[in-house]
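**Student:** Every position in the sequence shown, counted from 1, becomes a number in my numbering once 32 is added. Ideal Cβ positions, reconstructed from N, Cα and C, are used throughout, including at glycine. Provided herewith is a single structure, encoded as structure tokens, for subsequent inquiry.
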Amino acid sequence: MAARLNPDIWQGQIVAERWLEYGWFIWVKSPGRAAMPEALRACLDLAEAAGADWLQFDRDCAPVAELPSYDW
Numbered sequence: 033m034a035a036r037l038n039p040d041i042w043q044g045q046i047v048a049e050r051w052l053e054y055g056w057f058i059w060v061k062s063p064g065r066a067a068m069p070e071a072l073r074a075c076l077d078l079a080e081a082a083g084a085d086w087l088q089f090d091r092d093c094a095p096v097a098e099l100p101s102y103d104w
């Protein structure tokens with residue numbers, strides 16, 4: 033909860049690239065994972081377990097069953 037409320041703790045440690053208006057690519061090995069929000073850590077952990085180097089967040093993709101989803 034603290035990480036979500038204070039993104040200055042972790043945002044400077046995440047390696048990410050915006051992909052047009054569609055989403056983001058995030059490097060799975062981004063440092064500072066322990067300070068990141070739990071939901072983001074879960075995504076990175078799942079991608080790492082699958083052997084991925086990069087994680088793509090795409091607004092048009094279906095939700096991943098192993099991860100929680102949220103209505104915005």
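Would you check whether the ligand PLP has a heavy atom nearer than 7 Å to the C-beta of residue 88?
**Tutor:** You won't find the ligand PLP in this model; it holds no ligand whatsoever.
**Student:** On the DSSP bridge assignment, give the partners of residue 90 in chain order.
**Tutor:** Here the question's residue 90 lines up with position 58 in the sequence shown. Note: residue 90 sits in a beta bridge opposite 55.
**Student:** Under three-state DSSP, which class holds residue 80?
**Tutor:** As a working mapping, residue 80 is identified with position 48 in the sequence shown. Reduced to three states, the DSSP call for residue 80 is helix.
**Student:** Considering only their Cβ atoms, is the gap separating residue 60 from residue 80 smaller than 8 Å?
**Tutor:** Indexing the sequence shown from 1 puts residue 80 at position 48. Indexing the sequence shown from 1 puts residue 60 at position 28. Yes; because the gap between Cβ atoms is below 8 Å, this pair is in contact.
**Student:** When the Cα atoms are used, what is the spatial distance from residue 68 to residue 74?
**Tutor:** Translated into the one-based positions of the sequence shown, residue 68 becomes position 36. Translated into the one-based positions of the sequence shown, residue 74 becomes position 42. Spanning the two alpha carbons is a distance of roughly 10 Å.
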